[in-house]
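Undergrad:
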Amino acid sequence: MENKYKKMEKIYYSDKEYQIEYEKRVNNPASYVTNLKIKTIWKGKKTTEEIPLFYMNLLEHTKLQEKIFQNSQKILNLSQKLPNLAIKLVFDTVLVNEVLHTNQLEGIHSSKKELYFSLKEEKSEIRKQEKINGLIKKYIDIYRKRFEKIENLGSVSQFREIYEELFSNLLGEENYQLDGEIFRKDSVSIQDSSGRVIHRGVSGEKNILMKLNDLLLFMNQEDLPFLLKAAISHFFIEYIHPFCDGNGRFGRYLFSMYLARKLDRFSALSFSYAIQRRKEEYYKSFQDVEKRNNFGEVTFFVDNIYRTIDLGQKSILQLLEENVEAMKKVHKVAEEVSLKNTLHEKELQLLFLYMQDCIFHQFEYISNMEIFDFLKDTSRSMSKLTLNKYTKKMEEKGYLQQIKKRPLTYRLSDTFMKTYHF
């Protein structure tokens, strides 16, 4: 952020001068004072008086918002250059990475492979596991554009419903069992790596309910830019800390849903990754808002969130650019094979899918059943029997090789990959 506008704590004032500067800022025509009130921290303890969060609209933030929208449009344009299977496989990769990073931010270990198979299981019509990773389930809602719960937030109990869905496979654990009627009633705190308490959530379920109702009113305002509203809401939900555990993942999920609904799904699925890259700045920006001498100003927190979104988008743009470049090779090889007239039209279509799978797959290759499911609602659909017949013929012609019988699975043959340098 430009040096012209500084945090109040960075400027030395007497108590009286601090109050004068505060009045100047909140009464500035470019300032917005919210209905969301917090207790600030002074010498390690919360003050008794509550003050409203306020934001100063800076030209630099207008530029950042514009940049975020431009990034989103570039992401949409690039993603449209990828065929459907490629975009699905890339989404799977990004989704798994996002869940991995949101877990890592809480010190929770999960492997990409474990999350990938949980994702695959959730997408399957026949599920083998009784308890799928709840985070995966909810992030698939982003992938499938299921925004109803966010669009229709009208009561605080809906926060609890989303929480239970998000941690459906963990609700039996003590940390996820809430002791209040809807939320927690006991106190909760966050500690840094040295064990020092850096934040205490709102005390008592009655106060939590009041704060969440204030948040709902704020979230449903229509006269605020959505990025600003999303950033401030993200701060306040984490400030409240309504649950015993999982608050960080819950807050990041809500924020990602917001981005997916208003921007694009890829931008939404890069938020935790970007936070991981800016972890110290991210957590410090929360603490700074609560300092007494910053008087509840969220301007610098919003700045941090905007830059975090931008960083995540840049990582997505780089990934998509690399994938679009990789697809140029797939198209070129498809043309070369087509000119040889050795494959039926349906076989060429299947080869195009197998080449995409070769480049973009994670951990295991696409099965015939998955190809059938992928094609069944398209003009290229075919019966399972026909699909199996074509893949068998393609194996005989040297294009594919079978690698598994159950489920029946093929990949590009070693000969094909060597010939075309895959």
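Position in the sequence shown (first residue = 1) + 793 = my numbering. Ideal Cβ placement from N, Cα and C applies to all residues, glycine included.
1. Which residue marks the beginning of the beta strand (DSSP E) containing K839, and which one marks its end?
2. Where does N877 sit, in a helix, a strand or coil, going by DSSP?
3. From this set, R989, F1019 and K1169, which residue's C-alpha is nearest Y1051's C-alpha?
4. Once you ignore the five residues that flank F1156 on each side, which residues in its own chain have a CB closer than 7 angstroms to its CB?
5. Quick one: residues in its chain with C-beta nearer than 8 angstroms to the C-beta of L875, no 5 flanking neighbours on either side, listed in chain order?
6. Exposed or buried, which one is S1049 when buried takes at least 16 other CB atoms within 10 Å?
7. Taking the alpha carbon of A1204 as the point to measure from, which residue in I1164, K1177 and L1168 has its own alpha carbon closest?
8. Based on Cα-Cα distance, which residue from D1057, L1132, A1053 and L1008 lies nearest to E1031?
9. Using C-beta distances below 6 angstroms, list every residue in its chain close to P1200, excluding the 5 sequence neighbours before and after it, in chain order.
10. Is it right to say L1178 is buried, meaning 16 or more other beta carbons lie within 10 angstroms of its own, or is it exposed?
11. Using alpha carbons as the reference points, say which of L1144, I1001, V981 and K999 lies closest to R993.
12. Go ahead and pull the three-state DSSP assignment for E1157.
13. Would you report the Cα separation of L912 and L959, rounded to the nearest angstrom?
14. Looking only at C-alpha atoms, which of L1062, E1189 and D1166 sits nearest to I933?
15. Considering only residues of the same chain and omitting the five flanking positions on each side of H894, which have a CB-CB separation below 8 angstroms?
16. Express the C-alpha separation of L846 and L1005 in angstroms, rounding to a whole number.
17. Find the nearest neighbour of I943 within the set Y936, R937 and F952, judged by alpha-carbon distance.
18. Tell me the residue span of the alpha helix (DSSP H) that contains Y798.
19. For the candidate residues K803, K1197, S961 and N1000, whose alpha-carbon lies nearest to that of D979?
20. Tell me E1090's beta-bridge partners as DSSP assigns them.
21. Rank E843, C1037 and N1087 by C-alpha distance to the C-alpha of E802 and give the top, closest one.
22. Count the other CB atoms, across all protein chains shown, that sit within 10 Å of the CB of D1057; report buried if there are 16 or more and exposed otherwise.
23. Which residues mark the beginning and the end of the alpha helix (DSSP H) in which T1171 is found?
24. S1060 and I935: beta carbons closer than 8 angstroms?
25. With DSSP run on the structure shown, which of helix, strand or coil describes N828?
26. Please go through the same chain and pick out, in chain order, the residues whose beta-carbon is closer than 6 angstroms to the beta-carbon of V990, but skip the five residues on each side of it.
27. Let me confirm a value: Q785 is counted as buried when at least 16 other C-beta atoms fall within 10 Å, else exposed. Which label applies?
28. With three or more beta-carbon pairs closer than 8 angstroms as the criterion, would you say the segment 960-980 touches the segment 1035-1049?
29. Quick one, which of G1105, K931 and N1013 has its alpha-carbon nearest L946's?
30. Return helix, strand or coil for L1193, following the three-state DSSP convention.
31. From this set, Q1195, I831, N870 and Y1046, which residue's C-alpha is nearest L1110's C-alpha?
32. According to DSSP, simplified to helix, strand and coil, what is S807?
33. State the Cα-Cα distance for the pair G1105 and F862, rounded to the nearest angstrom.
34. Here's a check: name, in chain order, each residue in its chain whose Cβ is nearer than 7 angstroms to the Cβ of T1208, leaving out the five neighbours to either side.
35. Roughly how many angstroms lie between the CA atoms of R939 and V1130, to the nearest whole one?
36. Determine the extent of the alpha helix (DSSP H) in which T754 is found, giving its start and end residues.
TA: Per the coordinate set shown:
1. Translated into positions along the sequence shown, residue 839 becomes position 46. Judged by DSSP secondary structure, K839 falls within the beta strand (DSSP E) whose first and last residues are K838 to M849.
2. Within the sequence shown, numbered from 1, the residue matching residue 877 stands at position 84. N877 carries a helical assignment under DSSP once its states are collapsed to helix, strand and coil.
3. Residue mapping note: residue 1051 aligns to position 258 of the sequence shown, counting from 1. It is F1019 whose Cα lies nearest to the Cα of Y1051.
4. Within the sequence shown, the letter at position 363 stands for residue 1156. K906 and Y909.
5. Translated into the one-based positions of the sequence shown, residue 875 becomes position 82. Correct list, in chain order: V883, L1113, N1116, V1117 and M1120.
6. Against the sequence shown, residue 1049 aligns to sequence position 256. Taking all protein chains shown into account, S1049 has 16 or more neighbouring C-beta atoms within 10 Å of its C-beta and is therefore buried.
7. Residue numbering aside, residue 1204 sits at position 411 when the sequence shown is read from its first letter. With the sequence shown as reference, residue 1204 is identified as Arg, and Ala is not the correct amino acid for it. It is I1164 whose Cα lies nearest to the Cα of R1204.
8. As a working mapping, residue 1031 is identified with position 238 in the sequence shown. Put simply, of D1057, L1132, A1053 and L1008 the residue whose alpha carbon is nearest the alpha carbon of E1031 is L1008.
9. Numbered from 1 along the sequence shown, position 407 holds the residue referred to as residue 1200. Within the same chain, P1200 has close Cβ partners S1160 and M1162.
10. The residue labelled residue 1178 in the question sits at position 385 within the sequence shown. L1178 counts as exposed, since fewer than 16 other beta carbons sit within 10 angstroms of its beta carbon.
11. If you number the sequence shown from 1, residue 993 lands on position 200. It is V981 whose Cα lies nearest to the Cα of R993.
12. Here residue 1157 is taken as the residue at index 364 of the sequence shown, counted from 1. Note: E1157 maps to coil in three-state DSSP.
13. Position 119 of the sequence shown, counting from 1, holds the residue named residue 912. Position 166 of the sequence shown, counting from 1, holds the residue named residue 959. Taking the Cα positions, L912 is about 14 angstroms away from L959.
14. For the purposes of this step, residue 933 is taken as residue 140 along the sequence shown, with counting starting at 1. Measuring from the Cα of I933, the nearest candidate turns out to be L1062.
15. Within the sequence shown, numbered from 1, the residue matching residue 894 stands at position 101. Cβ neighbours of H894 within its own chain (closer than 8 angstroms, five residues either side excluded): S1065, Y1066, I1068 and Q1069.
16. For the purposes of this step, residue 1005 is identified with residue 212 of the sequence shown, where counting begins at 1. For the purposes of this step, residue 846 is identified with residue 53 of the sequence shown, where counting begins at 1. Taking the straight line joining both Cα atoms gives about 15 angstroms.
17. The residue labelled residue 943 in the question sits at position 150 within the sequence shown. Ranking Y936, R937 and F952 by Cα distance to I943 puts F952 first.
18. What you label residue 798 is simply residue 5 of the sequence shown in a count that begins at 1. Annotation for Y798: no alpha helix (DSSP H) segment contains it, and DSSP assigns it neither H nor E.
19. In the sequence shown, counting from the first residue as 1, residue 979 sits at position 186. The residue with the shortest Cα to Cα distance from D979 is N1000.
20. Taking the sequence shown and counting its residues from 1, one reaches residue 1090 at position 297. As DSSP reads the structure, E1090 sits in a beta bridge with F847.
21. Position 9 of the sequence shown, counted from the first residue, corresponds to residue 802. Answer by Cα proximity: N1087.
22. One-based indexing of the sequence shown puts residue 1057 at position 264. With 16 or more Cβ atoms within 10 Å of its Cβ, D1057 is classed as buried.
23. Walking along the sequence shown from the start, residue 1171 turns up at place 378. Unbroken run through T1171: none, as it is neither H nor E.
24. For the purposes of this step, residue 1060 is identified with residue 267 of the sequence shown, where counting begins at 1. For the purposes of this step, residue 935 is identified with residue 142 of the sequence shown, where counting begins at 1. At the C-beta level, S1060 and I935 stay beyond 8 angstroms of one another.
25. Reading the sequence shown from its first residue, position 35 is the one you call residue 828. Here N828 sits in strand by DSSP.
26. Position 197 of the sequence shown, counting from 1, holds the residue named residue 990. Correct list, in chain order: S982 and Q984.
27. Here the chain comprises residues numbered 794 to 1215, so residue 785 is not present and cannot be evaluated.
28. Contact between the segment 960-980 and the segment 1035-1049 is present, because at least three Cβ pairs lie under 8 angstroms.
29. Your numbering for residue 946 matches position 153 in the sequence shown. Here the closest residue by C-alpha is N1013.
30. Reading the sequence shown from its first residue, position 400 is the one you call residue 1193. Note: L1193 maps to strand in three-state DSSP.
31. Along the sequence shown, one-based indexing puts residue 1110 at 317. It is N870 whose Cα lies nearest to the Cα of L1110.
32. For the purposes of this step, residue 807 is taken as the residue at position 14 of the sequence shown. Here S807 carries a coil assignment [DSSP, helix/strand/coil].
33. Taking the sequence shown and counting its residues from 1, the one referred to as residue 1105 is at position 312. Taking the sequence shown and counting its residues from 1, the one referred to as residue 862 is at position 69. In this structure, the CA atom of G1105 is about 13 angstroms from the CA atom of F862.
34. Position 415 of the sequence shown holds residue 1208. If we look at T1208 and ignore the five residues flanking it on each side, its Cβ neighbours are G1191.
35. In the sequence shown, the residue the question calls residue 939 occupies position 146. In the sequence shown, the residue the question calls residue 1130 occupies position 337. Going by the C-alpha atoms only, they are around 40 angstroms apart.
36. There is simply no residue 754 to check, as the chain begins at 794 and stops at 1215 in what is shown.
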